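**Q** Quick one: the structure is below, questions incoming.
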Amino acid sequence: MKKKKRAIILIVFILIFTFQLISLMNTTTTAEILTYPAASIEVKEDIAYVAERTGGIELIDVSDPYNLENLGRFNDDTGNFIELVINENYLYAASGESGLVIFDISGSTSSISPLSKIYDLANITRFLTIQNEIAYIDINGEGFAIIDVSDPTTPIVLSRTAKDTNPALDFIDSRDIAIKDNFAFLVGYASGITVFDLSDKSNPAQLYTYTEFPGTSESLHVQSIEIVDDIAYIAADTSGLVALDISDPSDISVLGRFNVTTLTIVSEVYIEGNHAYLITSNHINFEYGLRIINITEPSTFLEINNYIAIETMTEDFYVDSVNDLIYLSHSDARISVLDVSDINNLILIETYEIAVTITTPADNGNYPLLSLFGIVVILIITRKKKRILFG
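Residue 392 is where the sequence shown ends in our numbering, and the numbering goes up by one at each step.
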């Protein structure tokens, strides 16, 4: 009887081993496709650097604008990459909890790694500006930090001007910043324009605040600002594009306005030559895109052309004036390339889909079930019978 039990147990073990081996040989893989919004884009020497929030920074080969190809990606565990700036051979990234991250891209082809980092600047960063080896970076939408980046390997925080450290500051929110001489023009939706004296960058002094259009009672909602000479161009939400004379920061005045259609929001402005490039959104009609405005004469702004997409927000753009191209980054994980050799006839020549495939192994599930079955069988075979005694 014992020999019979041993034989049965041996057969069960052989069957379990055989089916487990088959199960392992039939191991499959599951693929998960991840997409990330393209929050910011910069281009240098045929490589586009795209900030994709928690997806990190993607490097894209744009040497052939009709056929963009992925080169590589950088990511870390805490970064939420929102804003990128290229200055000479360095890429500066505003990345939330990862702070300010600086990369040397002088020889980048398929990968980049941080040259230096400054942590604990903010949880969220909306803007980053570099001027004269000084970085100005947003602090949680409530102010800005000034950082000396003259040595990119050892950036130094010079000051923090924010509500969390100085509640007495007379502004509510921060969306963007522009620098002119020793003045910083901080703008916000609720705050309008706040002017700071930067003579002492370790201690910026608040000078003037404009919450209304000069000479009116109309609220000055500002989301973005660019300064050229003595003119500040602001993206003023539903008030459109506005040009301001800032030759005297204590007494600014309106030079001209470009009014968009009702309920259309202007969220970003960039100036290149005689053109203003605007990111606009209409959440009622789900129309999002880019508008190009002739700003030769501020008092008579004229729209030249536009590129409007449906149901996909434009997050950022890069104007390649050398090659007559515009790169648009979208919230739905896409990059669009426009041929603007004829600015009166914008042509979409390429759409690049941002997608990351994560592959993980998975067996067919027989392994644990067979093991459990085998154990049960063995227990049944080897269990001892109870004797019942009659007395």
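Ideal Cβ placement from N, Cα and C applies to all residues, glycine included.
Since this is a predicted model, take the numbers as computed values, not measurements.
Assuming G396 contacts F302 (C-beta within less than 8 angstroms), just tell me the rounded distance between them.
**A** The chain is shown from 2 up to 392; residue 396 falls before or after that span and cannot be answered.
**Q** Taking C-alpha atoms, which residue in S41, I173, S200 lies nearest to I193?
**A** Residue numbering aside, residue 193 sits at position 192 when the sequence shown is read from its first letter. The sequence shown places Gly at residue 193, not Ile. For the residues S41, I173, S200, the minimum Cα distance to G193 belongs to I173.
**Q** So who's on the other strand from D139, going by DSSP bridges?
**A** Within the sequence shown, numbered from 1, the residue matching residue 139 stands at position 138. Answer is F145, bridged to D139.
**Q** Have a look at N275, S218, Y67, F197 and flag the residue whose alpha-carbon is nearest the alpha-carbon of D171.
**A** What you label residue 171 is simply residue 170 of the sequence shown in a count that begins at 1. Per the Cα distances, F197.
**Q** Which residues bound the beta strand (DSSP E) around F214?
**A** Position 213 of the sequence shown, counted from the first residue, corresponds to residue 214. Neither: F214 is in no beta strand (DSSP E) and is coded neither H nor E.
**Q** Consult DSSP for S300 and reduce its assignment to one of helix, strand or coil.
**A** Translated into the one-based positions of the sequence shown, residue 300 becomes position 299. Of the three classes helix, strand and coil, the one that applies to S300 here is helix, per DSSP.
**Q** Roughly how far, in whole angstroms, is the beta-carbon of I138 from the beta-carbon of L129, given that I think they are within contact range, below 8 angstroms?
**A** Looking up residue 138 in the sequence shown gives position 137. Looking up residue 129 in the sequence shown gives position 128. The pair is a contact, with the Cβ atoms about 5 angstroms apart (cut-off 8 angstroms).
**Q** So I294 packs on A310, CB below 8 angstroms; how close in whole Å?
**A** Mapped onto the sequence shown, residue 294 falls at position 293. Mapped onto the sequence shown, residue 310 falls at position 309. Incorrect: roughly 18 angstroms between the Cβ atoms, too far for contact.
**Q** Are the stretch 158–166 and the stretch 102–111 in contact at 8 angstroms, needing three or more beta carbon pairs?
**A** Touching, no.
**Q** Give the DSSP-derived three-state secondary structure of A179 in the structure shown.
**A** Walking along the sequence shown from the start, residue 179 turns up at place 178. Strand.
**Q** Would you mind sorting N345 into buried or exposed? The rule is 16 or more other CB atoms within 10 Å of its CB.
**A** Taking the first residue of the sequence shown as 1, we reach residue 345 at position 344. It counts as exposed.
**Q** Evaluate H331 with the Cβ neighbour count: other Cβ atoms within 10 Å of its Cβ, from every protein chain shown; 16 or more gives buried, anything less gives exposed.
**A** Reading the sequence shown from its first residue, position 330 is the one you call residue 331. By the 10 Å Cβ count, H331 comes out buried.
**Q** Quick one: Cα of E312 to Cα of D152, how far?
**A** Within the sequence shown, the letter at position 311 stands for residue 312. Within the sequence shown, the letter at position 151 stands for residue 152. Distance between the alpha carbons of E312 and D152: 43 angstroms.
**Q** Hey, would you say S160 sits closer than 8 angstroms to A169, going by beta carbons?
**A** Within the sequence shown, numbered from 1, the residue matching residue 160 stands at position 159. Within the sequence shown, numbered from 1, the residue matching residue 169 stands at position 168. Not in contact: S160 and A169 (Cβ atoms no closer than 8 angstroms).
**Q** Over the uninterrupted beta strand (DSSP E) stretch that includes N1, give me the two end residues.
**A** The structure shown has nothing for residue 1, since the chain only spans 2 to 392.
**Q** Does DSSP classify D152 as helix, strand or coil?
**A** Indexing the sequence shown from 1 puts residue 152 at position 151. Correct three-state label for D152: coil.
**Q** If you drop the 5 nearest sequence neighbours on each side, which residues of the same chain put their C-beta closer than 7 angstroms to that of N183?
**A** Counting from 1 along the sequence shown, the entry for residue 183 is found at position 182. So the list reads D198, L199, S200, once near-sequence residues are dropped.
**Q** Could you tell me if D317 is buried or exposed, where buried requires 16 or more neighbouring beta carbons within 10 angstroms of its beta carbon?
**A** In the sequence shown, the residue the question calls residue 317 occupies position 316. Classification for D317: buried.
**Q** Report the residue ranges of all alpha helix (DSSP H) runs contained in full by the stretch 311–356; include only those spanning at least 4 residues, in chain order.
**A** Runs of the alpha helix (DSSP H) inside the stretch 311–356: none found.
**Q** Give the secondary structure of R393 by DSSP, where H, G and I count as helix, E and B as strand, and everything else as coil.
**A** There is no way to answer for residue 393, as the model of the chain reaches only from 2 to 392.
**Q** Less than 8 angstroms between the C-beta atoms of T55 and A334, yes or no?
**A** Taking the sequence shown and counting its residues from 1, one reaches residue 55 at position 54. Taking the sequence shown and counting its residues from 1, one reaches residue 334 at position 333. Not closer than 8 angstroms, so no.
**Q** Just to confirm my understanding: we take L116, look at its own chain, exclude 5 residues before and 5 after, and list those with CB closer than 8 angstroms. What are they?
**A** By 1-based counting over the sequence shown, the position of residue 116 is 115. Hits under 8 angstroms: Y91, I103, F104, D105, P153, T154.
**Q** How big is the Cα-Cα spacing for L264 and V255?
**A** Residue 264 sits at position 263 when you count from the first residue of the sequence shown. Residue 255 sits at position 254 when you count from the first residue of the sequence shown. Their backbone Cα atoms lie some 22 angstroms apart in a straight line.
**Q** With 16 other CB atoms within 10 Å as the buried threshold, where does Y328 fall?
**A** Here residue 328 refers to the residue found at position 327 of the sequence shown. The residue is buried, with at least 16 neighbouring Cβ atoms inside 10 Å.
**Q** How would you write the range of the beta strand (DSSP E) that E59 sits in, first residue to last?
**A** Start at 1 with the first residue of the sequence shown, and residue 59 comes out as number 58. Note, E59: beta strand (DSSP E), 58–62.
**Q** From N124, I232, L221, pick the residue whose C-alpha is nearest to that of T239; which is it?
**A** Indexing the sequence shown from 1 puts residue 239 at position 238. Cα-wise, what sits closest to T239 is L221.
**Q** Note down the Cα distance separating S114 from R74, rounded to an integer number of angstroms.
**A** Residue 114 sits at position 113 when you count from the first residue of the sequence shown. Residue 74 sits at position 73 when you count from the first residue of the sequence shown. C-alpha separation (whole angstroms): 10 angstroms.
**Q** Out of curiosity, what's the CA-to-CA distance linking Y120 and E298?
**A** Counting from one through the sequence shown, the residue named residue 120 turns up at place 119. Counting from one through the sequence shown, the residue named residue 298 turns up at place 297. Cα-Cα distance, rounded: 44 angstroms.
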